[in-house]
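A.B. asks:
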Amino acid sequence: MNLALSDEQVFLREAARGALSRHKTVEAARDALENPSALPDLYPMAVEAGWNGLLVDEDHGGAGLGVFDAMLVAEECGRVLAAVPLLGLVPATAILNAAGDESLPAVATGELRPVYLPARPPSELEQGWTVEPLSGLTRAEAPRASVDGDRVSLDGTVAFVPDAPGAALLVVIAESEDGSPIAAAVAADSDGVAVEPVMRYDATRSLGHVTLSGASGRLLDVGADVLADAWYVAQSLIAAESIGAVQTCLDTSVEYAKERFTFGRAIGSYQAIKHELTEVLRQLENSRGLEYYAGWARKDKPDEFPLAASAARSAAGHALDFAARSMINVHGGIGATWEHDAPLFFRRAQLSRRLLGGTHDATDRVAEESLSAAGA
Amino acid sequence: MDLNDTPEQAEYREKVRTWLEAHKDEAPSRSGSSEDKTYIDARRAWQRELAEAGLAGVAWPREYGGQGLGPIEQVTVNQEISRAGVPGILDVIGIGMLGPCLIAHGSEEQKTRYLGPMLHGDEVWCQLFSEPAAGSDLAAIQARARQNDDGSWTLNGQKVWTTNAQFASYGLLLARTDPDVPKHKGLTMFIVPIEDGEGVTVRGLRQISGEAEFNEVFFDDVRLEEEAVVGGVGNGWGTALTVLMFERLTIGFGSDSFGSPARLAETIAGDPAARRDSDVRRRLGEILTELTAVRFNGYRALTLLQRGQIPGPEAGLAKVTMVNAAVAATDLGADVVGPEALEPDNEWSYLISFLPGLKSAGGTEPILRNTVGERVLGLPPEPRLDKGIPFSELRAKEKEALAS
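Sequence lines, in order, name chains C and Y.
Okay, so the first sequence: first residue is 1147 according to my numbering, each after it adds one.
Okay, so the second sequence: first residue is 49 according to my numbering, each after it adds one.
1) Taking Cβ to Cβ, would you say Gly-1308 (chain C) is nearer than 8 Å to Leu-1358 (chain C)?
2) Decide if Ala-12 (chain Y) is buried, meaning its Cβ has at least 16 other Cβ atoms within 10 Å, or exposed.
3) How about Val-384 (chain Y): is its C-beta nearer than 8 Å to some C-beta of chain C?
4) What is the DSSP secondary structure of Ser-241 (chain Y), reduced to helix, strand or coil?
5) Is there a Cβ from chain Y that is less than 8 Å from the Cβ of Lys-1170 (chain C)?
6) Taking a contact to mean a Cβ-Cβ separation below 8 Å, would you say Ile-242 (chain Y) touches Ala-276 (chain Y) in this structure?
7) Please tell me whether Val-1379 (chain C) and Val-1253 (chain C) are closer than 8 Å, where the distance is taken between their beta carbons.
8) Could you give the DSSP three-state label for Thr-249 (chain Y): helix, strand or coil?
9) Compare the Cα-Cα distances from Leu-1211 (chain C) to each of C:Leu-1158, C:Asn-1181, C:Glu-1257, C:Arg-1259 and report the closest residue.
10) Under 8 Å, do Ala-1320 (chain C) and Ile-1328 (chain C) count as touching if we go by C-beta distance?
11) Given a cut-off of 8 Å on the beta-carbon distance, is the pair Asp-1487 (chain C) and Val-1172 (chain C) in contact?
12) What residue from C:Asp-1205, C:Ala-1209, C:Ala-1175, C:Thr-1255 has the CA that sits closest to Glu-1154 (chain C)'s CA?
13) By DSSP, does Ala-1457 (chain C) sit in helix, in strand, or in coil?
14) Using C-beta distances below 6 Å, list every residue in its chain close to Asn-1432 (chain C), excluding the 5 sequence neighbours before and after it, in chain order.
15) Thinking C-alpha only, which one of C:Asp-1301, C:Ala-1244, C:Phe-1306 is nearest Gly-1504 (chain C)?
16) Name, going along the chain, the residues of the region 1498-1517 of chain C whose beta-carbon falls closer than 9 Å to a beta-carbon of chain Y.
17) Out of curiosity, what's the CA-to-CA distance linking Asp-1215 (chain C) and Pro-404 (chain Y)?
18) Could you tell me whether any Cβ in chain C is nearer than 8 Å to the Cβ of Gln-354 (chain Y)?
19) On the CB-based measure, 16 or more other CB atoms within 10 Å of its CB, does Pro-1231 (chain C) come out buried or exposed?
20) I'd like to confirm something about Tyr-1347 (chain C): is its beta-carbon nearer than 7 Å to some heavy atom of the ligand NAP, or not?
21) Could you list the residues in the region 1280-1312 of chain C with a C-beta less than 9 Å from some C-beta on chain Y, going in chain order?
22) So, helix, strand or coil for Lys-233 (chain Y), using DSSP?
23) Could you tell me the alpha carbon to alpha carbon distance between Ile-1389 (chain C) and Ala-1334 (chain C), rounded to whole angstroms?
24) Can you confirm whether Met-1147 (chain C), when its beta carbon is compared against all beta carbons of chain Y, has any partner nearer than 8 Å?
25) Please work out which residues of its chain come closer than 8 Å, Cβ to Cβ, to Leu-167 (chain Y), disregarding the five sequence neighbours upstream and downstream, and give them in chain order.
26) Taking C-beta to C-beta, are Leu-138 (chain Y) and Gln-95 (chain Y) nearer than 8 Å?
27) Looking at the unbroken alpha helix (DSSP H) that takes in Pro-119 (chain Y), where does it start and where does it end?
28) Arg-323 (chain Y) versus chain C: which residues are under 8 Å apart at the beta carbon?
29) Relative to the alpha-carbon of Glu-171 (chain Y), which residue among Y:Gly-286, Y:Glu-430, Y:Arg-161 has its alpha-carbon at the smallest distance?
30) Compare the Cα-Cα distances from Gly-284 (chain Y) to each of Y:Arg-61, Y:Glu-446, Y:Phe-177, Y:Val-265 and report the closest residue.
31) For the alpha helix (DSSP H) containing Glu-261 (chain Y), name the first residue and the last one.
32) Reducing DSSP to helix, strand and coil, say where Gly-1302 (chain C) ends up.
33) Assign Trp-94 (chain Y) to one of three DSSP states: helix, strand, or coil.
34) Kindly say whether Leu-336 (chain Y), judged by its beta-carbon, lies nearer than 8 Å to any beta-carbon of chain C.
35) List the DSSP bridge partners of Trp-173 (chain Y).
36) What would DSSP say about Asp-268 (chain Y), mapped onto helix, strand or coil?
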């Protein structure tokens, strides 16, 4: 039994924390609210740290590490709200790596920046591959693909794609004429590709609506399992990133609860405050347990990865909502103003819960996985 | 990360599994009434078999009949017993908590006299700490032991929530021996005869289900010899803390969780309307998320245990999650079944009745949250009105406050 970080993983985490500490990421998150173009692009920093090649095999110039390692980096980014494009990068490299695609050496050096266009695998209640809609509860159909040899022509819109602006290579998941899912690599500057940058509430999160109109791409040699895996890799990353943010919310709130006095004593001595903060800790610890589960399952128990990643997303999503609101509550009025960092974490929580299918969809997937196991 | 056993652990597991496979037909049923003597006797006999095979008191030192192994091996045995579908030892409280306390604080005579029969199920033990007016605030107990001129003690008072007292031979009892010092200081731990104890009355306490799983125990002028003291006069609080530490280990790594996530999923999967109902699915997803988190946090804790670290107060959070998720799971399972779930033989019925009380067992949720908030997060404690004040004075103040 060994469910703990290895020495290498501890080192990776410390290195990530060190690299991020050289950037004023939280200040940048605040400044970017008023001037989105002021947000520094942290992609060069990610390349310098080798995060773009984390999942790329060593043969192709990458680090050949696992999803759990990427999650540890994502957690550190979440802790300081750093705008590092991991949600777009990591699942894209997972697919490209599985395909042994020709782009890998350029991806590993950082010369070619890929992005994953998320598509949700089918479930009992939602047949077919779907993508984020522009608005509403009804999910949009995945782009349509017509395949001709190793070339693919693509049509469709994928809304709210994390890290799409600035990416040079789109990793698209689409449904072919016979309904089977395929993946294609499309140069972002090709004809028929439009990426509309979008900012919604959390300025640290670069998003884009991607429209494909007869865009031509290269068919990637991967099966449906790899495409489903990419969705759960994205779920794991957003979970890990949320866990980092929850940790900061908790640390900040605990510190304040020890220093702020009312009626002659520190507010942290009141059960109302103490119990709310232990609830944040409880949810944080549960999310962390599931983060480990997701990391372990991706490597050693792939059959359980959909369950593990969805459970981690569900727990961490709820934890971030709760922790961000608690941080505001514990700080009182000041916590709801721009004087404090709390609103920045609250903004992160508000957007995160609605991306990539939303927290609620991950919860439903947990149910789906257990029901299909039970009802076989 | 690796959830597999080390080669040595795998070998040990195999040995345990083989023994259980060969002997499981001799085991009684996993569930039965604690009021049924025949069933309890069968469980005693099974405990003896387990003890003789080295599957009881796994972490006890060899000199007291144990195996001298670590908590990891104990967990392995728990897991294998659970896997084999047989009951474990009957006297979980004795072997898991009270025996280790005797080993730590008892005299050589006490260890020699009591540990062997405890291990083999010949003498079952019970824990006599809580009282009607002392639960969360355990140091407020009022059971009073007065020392006689010949060195013996006379005990009067009442204990409650006493599991296994119906058939226990002995109990480990926390009593007040000096009311004129602050409350944590005037306490002493005693070994008290139950079955053959003159002046001891055990009365079953019926729970919501109608069953009496635990008891009230009354002590009227019970005479205890000087040798009944464990860990020294006035040291009862420290001795009690040892028991509570082992309690954390016993509960945290016990083999049984309450309610089966798989059964819940099967119940829902078998009902076409339920499995498509978005509210049912959301509740199921949330419950399974919580239960899965507890399982993996258990593995994290086990990893630390293997590295020699004893679980700390944060273990209380797992209990909070576990109980609340079990309540939610039972509610959901029963909601899907409907009123029929409340029929006594229905699989959900027992848990519906059992779980509300479990919220207060082994530390109420608010008390656990206080402990975690203070000892893990480092938040300041609530101001206390009882610090440094002799117990007798506190009692007088309480009476005064009630009268005014």
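Just so you know, even glycine gets a beta-carbon here, dropped at the ideal spot from N, CA and C.
Small disclaimer: the values here were computed from a predicted structure and weren't measured.
C.D. replies: Short version:
1) Going by the sequence as given, residue 1308 (chain C) is Pro instead of Gly. In this structure, Leu-1358 (chain C) does not lie closer than 8 Å to Pro-1308 (chain C) by Cβ.
2) The structure shown does not extend to residue 12 (chain Y), since chain Y is modelled only from 49 through 452, so no value can be given for it.
3) Taking Cβ atoms only, chain C never reaches closer than 8 Å to Val-384 (chain Y), which makes this a no.
4) Looking at the sequence shown, residue 241 (chain Y) is not Ser but Pro. In the three-state scheme derived from DSSP, where H, G and I count as helix and E and B as strand, Pro-241 (chain Y) is classed as strand.
5) Answer no: the Cβ-Cβ gap between Lys-1170 (chain C) and chain Y never drops below 8 Å.
6) Against a cut-off of 8 Å, the Cβ pair of Ala-276 (chain Y) and Ile-242 (chain Y) comes out as no contact.
7) Not closer than 8 Å, so no.
8) Thr-249 (chain Y) falls in the strand class under three-state DSSP.
9) The residue from C:Leu-1158, C:Asn-1181, C:Glu-1257, C:Arg-1259 with its alpha-carbon nearest to that of Leu-1211 (chain C) is C:Leu-1158.
10) Going by C-beta atoms, Ala-1320 (chain C) is nearer than 8 Å to Ile-1328 (chain C).
11) Between Asp-1487 (chain C) and Val-1172 (chain C), the CB-CB gap stays under 8 Å.
12) Among C:Asp-1205, C:Ala-1209, C:Ala-1175, C:Thr-1255, the Cα nearest to that of Glu-1154 (chain C) is on C:Ala-1209.
13) In the structure shown, Ala-1457 (chain C) sits in a helix (DSSP, three-state: H, G or I).
14) Exclusion of the five residues before and after Asn-1432 (chain C) leaves Ala-1461 as the residues of its chain whose Cβ lies within less than 6 Å of its Cβ.
15) Residue C:Phe-1306 is the option with its Cα nearest to Gly-1504 (chain C).
16) Result list: His-1506, Ala-1508, Thr-1509, Asp-1510, Arg-1511, Val-1512, Ala-1513, Glu-1514, Glu-1515, Ser-1516, Leu-1517.
17) If I take the Cα positions, the gap works out to 41 Å.
18) Contact of Gln-354 (chain Y) with chain C is assigned, a C-beta pair being separated by under 8 Å.
19) With 16 or more other CB atoms across the displayed protein chains lying within 10 angstroms of its CB, Pro-1231 (chain C) is buried.
20) Among the components modelled here there is no ligand, and therefore nothing to report on the ligand NAP.
21) The region 1280-1312 of chain C vs chain Y, Cβ under 9 Å: nothing.
22) It is coil, neither helix nor strand.
23) Ile-1389 (chain C) and Ala-1334 (chain C): Cα-Cα distance of roughly 32 Å.
24) True, the Cβ-Cβ gap to chain Y drops below 8 Å.
25) Close CB contacts of Leu-167 (chain Y) within its chain, under the 8 Å cut and outside five residues either way in sequence, are with Ala-99, Ala-104, Gly-105, Trp-108, Tyr-112, Gly-113, Gly-114, Ile-143, Gly-147 (chain order).
26) Yes, Cβ-Cβ distance for Leu-138 (chain Y) and Gln-95 (chain Y) is below 8 Å.
27) For Pro-119 (chain Y), the uninterrupted alpha helix (DSSP H) run begins and ends at 119-132, by DSSP.
28) The answer, in chain order, is Glu-1270, Leu-1517, Gly-1521.
29) Residue Y:Arg-161 is the option with its Cα nearest to Glu-171 (chain Y).
30) Per the C-alpha coordinates, the member of Y:Arg-61, Y:Glu-446, Y:Phe-177, Y:Val-265 positioned closest to Gly-284 (chain Y) is Y:Phe-177.
31) Careful: Glu-261 (chain Y) lies outside any alpha helix (DSSP H) and carries neither H nor E.
32) In the structure shown, Gly-1302 (chain C) falls within a strand segment according to DSSP collapsed to helix, strand and coil.
33) Here Trp-94 (chain Y) sits in helix by DSSP.
34) True, the Cβ-Cβ gap to chain C drops below 8 Å.
35) Beta-bridge partners assigned by DSSP to Trp-173 (chain Y): Y:Tyr-218.
36) Strand, per DSSP.
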